[in-house]
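Enquirer: Residue numbering for the sequence shown follows this note's numbering, beginning at 128 and increasing consecutively.
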Amino acid sequence: MLERSSPFSLSRRRLLIATSALAIAALVVTAEFNPALSADSPHNGGDITFLIDSLGDTWIPNNSAISSFQGHIWGHVTDKLLYVDADGKVSPWIAERWEQNDKATEFTLHLKSGVTFSDGTPLDASAVVANLDIWYAGRKSEGINPIGLFPKTYDHAEAVDASTVKVFFKAPTLGFIPTLGYHGSILISPKTLAQPAAQQADLSKTSGSGPYVVDSWKEGDFVKLVKRKDYNWGPAAVGHTGPAYLDTITYKLVSEPSLRVAAVQSGQADVAYNASPQELESLKAEGFTTATPRYLGFVNGWAVNTKLAPYDDVKVRQALQAGINRQEIIDTVYTPDWKLATSFIQSNVPGATDQSALLAYNPDKAEKLLDEAGWVKGADGIRTKNGQPLVLTLNSNPYLATSKSVDELIAQQLGKIGWKVAIRAYDVVTFGQKVKYGSPAVPAYEVTRSFIDAGTVASILTNANNGENWFALDESDKTLNELRDKIASAGSIEGRKPLLDELQKYILDQGYFIPRTQIVQRIYVQSAKLKGEVYNGVAYASYYTATKSE
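#1: Can you list, in chain order, the residues of its chain with a C-beta nearer than 6 Å to that of histidine 367? Leave out the 5 residues immediately preceding and following it.
#2: Measure the CB-CB distance between leucine 276 and aspartate 206 and report whether it falls below 7 Å.
#3: Got a sec, what are the start and stop residues for the beta strand (DSSP E) asparagine 427 sits in?
#4: Just to confirm the assignment, what range does the alpha helix (DSSP H) spanning isoleucine 620 have?
#5: Let me know the secondary structure DSSP gives lysine 512 once reduced to three states.
#6: Where does leucine 497 fall in DSSP's three states?
#7: Alpha helix (DSSP H) containing tyrosine 263: first to last residue?
#8: Which residues share a DSSP beta bridge with histidine 283?
#9: For leucine 259, which residues from the same chain have a beta carbon less than 6 Å from its beta carbon, with the 5 sequence-adjacent residues on both sides left out?
#10: Identify which residue in Tyr667, Gly514, Glu677 has its Cα closest to the Cα of valine 193.
#11: Identify, in the order they occur along the chain, each residue of the same chain with its Cβ nearer than 6 Å to the Cβ of glutamine 515, setting aside the five sequence neighbours on each side.
#12: Ignoring anything shorter than 3 residues, give me the beta strand (DSSP E) runs that lie fully in the region 314-391, in order along the chain.
#13: Would you kindly check if the distance between the Cβ of alanine 252 and the Cβ of alanine 286 is under 7 Å?
#14: Using the Cβ count rule (16 or more neighbours within 10 Å means buried), how would you classify alanine 222?
#15: Give the DSSP bridge partners of glutamine 81, in chain order.
#16: Use the C-beta contact count for alanine 289: other C-beta atoms within 10 angstroms, 16 or more gives buried, fewer gives exposed.
#17: Quick check on the DSSP output: what are the complete beta strand (DSSP E) runs of length 3 or more inside the region 402-473, in order along the chain?
#18: Once DSSP output is grouped into helix, strand and coil, what is the label at asparagine 189?
#19: Measuring CA to CA, which of Ser403, Pro370, Asp397 is closest to serine 385?
#20: Output needed for leucine 447: all residues of its chain with C-beta closer than 7 Å, excluding positions within five of it in sequence on either side, in chain order.
#21: Tell me whether the region 369-381 and the region 229-237 touch, counting them as touching only if at least three CB pairs, one residue from each stretch, are closer than 8 Å.
#22: Figure out for me which residue from Val548, Arg576, Ser334, Phe598 has the closest Cα to the Cα of glutamine 645.
#23: Would you call alanine 606 buried or exposed, if buried means 16 or more other Cβ atoms sit within 10 Å of its Cβ?
#24: Beta strand (DSSP E) containing valine 665: first to last residue?
#25: Output needed for glycine 659: all residues of its chain with C-beta closer than 6 Å, excluding positions within five of it in sequence on either side, in chain order.
#26: In chain order, which continuous runs of the beta strand (DSSP E) of length 3 or greater are located wholly inside the region 564-617?
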């Protein structure tokens, strides 16, 4: 059943403010929170509490930096070579400038001087090489994984001198520079990288170069960060380069969404992560700040497993594409902050093109396609073929709080056309174990996935260069493979644009990817006293520039 906002639910919310005060106070004591400090000036001092619904299951940097939850902490403890904003614009950070050759196979990075990790190690060229190497290869025998979107064409990197790095690729790699701003590409001290996985999993022993350091933490409970007073190398794009203004940031695990929001409403916390979309308007009316930033990446949708019948039939996939009413999803589950999908990548990604015509709701077209494919509607409304019902099993993605509600609505829409839809819901850990691209039990894998550069998309979708082979096509689709190879070998952004447009048309027309909505995976509700946060290209809130009034 779909969750809907109602006067009763809002009244219950207000009651929770009173009834949860003692519970939240206990949480505050557990995490050793301090009352907010009085600011000596409009820009200095203060502590904030950020309530989050998960803190993941490991702190090994390579394995956890791309987590939807742990990325918040890494964004404050570590830096990146480049900064990427919400529009995909790349600007200097630790790398002050860069050059590339005409073929986009060699890049030279020029680093800021004077940057250090919190353990005192200089963030110099040799440290950057150590990070590039582990992003590419990891140490799989120890359980330290490569960063998934780091270019598979990486060959090696060299420290030319203390402030200059040359990076070499086996093939043209236009996506390298933007990927340096990806949330998995965090810079970690070589001393930390040299540690075995078990020690890397101890967050207190991890050294980054960011504006905050870990003060204390308890697994599955909280992480408290304290500002680094000697920090002086923030990205110019956010309008500040010196030490952070806030003294501390504490991320506290509170699994119940109503308690997270109630705590902010009662003044016991400053930020609640992943509130219900239906309550945003009422929270705004109460004077709270709400944010629904879109990240750069794929829209929320399904990667279809073409090895599983009946989804090996293009007509069935095309019927699925036409049978979803995407506007109804926004009108029912979300708010006007959400946008219709116009491709399978977000519209704010450089290189995205408008393919809305391929995503139009057309149930008559869907019914006709299923008729042509031999699926006959029975008296109960379910279609069958050769005695088998037309079934779709959906595994709701736990990283997106609204996923199950969207699945339930789509099940109603597809049921009118003749599908029998089953919905399964798992927690984060179980979902990761049971639900995989191309698994025999997963006809449609729900995607909530960010990336920085659209040029990386083609290799993710296929199995080239150890790609993820989302549609279980292997090398069977020659058209897709040719587009992938042309995109990969493009030597300029302008030359790549028409190829990306063609790729988007082809993927959607074939029904390989079924978009649902443009994704807002990260929803923020915060006190009006907290201002100045910045949302980057993957929609993480940075409080490096934030201030808190009394």
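Where is the CB? At the ideal position from N, CA and C, for every residue including glycine. For clarity, every value in this text was computed on a predicted model and none was experimentally measured.
Expert: Well, looking at it:
#1: Gly361, Thr672
#2: no
#3: 427-431
#4: 620-636
#5: strand
#6: helix
#7: 252-264
#8: Phe295
#9: Ala284
#10: The sequence given here has isoleucine at residue 193, not valine. Isoleucine 193 has its Cα closest to that of Tyr667, out of Tyr667, Gly514, Glu677.
#11: none
#12: 339-345, 349-354, 375-380
#13: yes
#14: buried
#15: The chain is shown only over 128 to 677; residue 81 falls outside these bounds and no answer can be derived.
#16: exposed
#17: 416-418, 427-431
#18: helix
#19: Ser403
#20: Gly638, Ile641
#21: no
#22: Arg576
#23: At residue 606 the sequence reads threonine, which differs from the alanine that was named. Threonine 606 is exposed by the Cβ-count criterion.
#24: Segment: none, valine 665 is in no beta strand (DSSP E) and carries neither H nor E.
#25: Thr672, Ala673, Thr674
#26: 571-574
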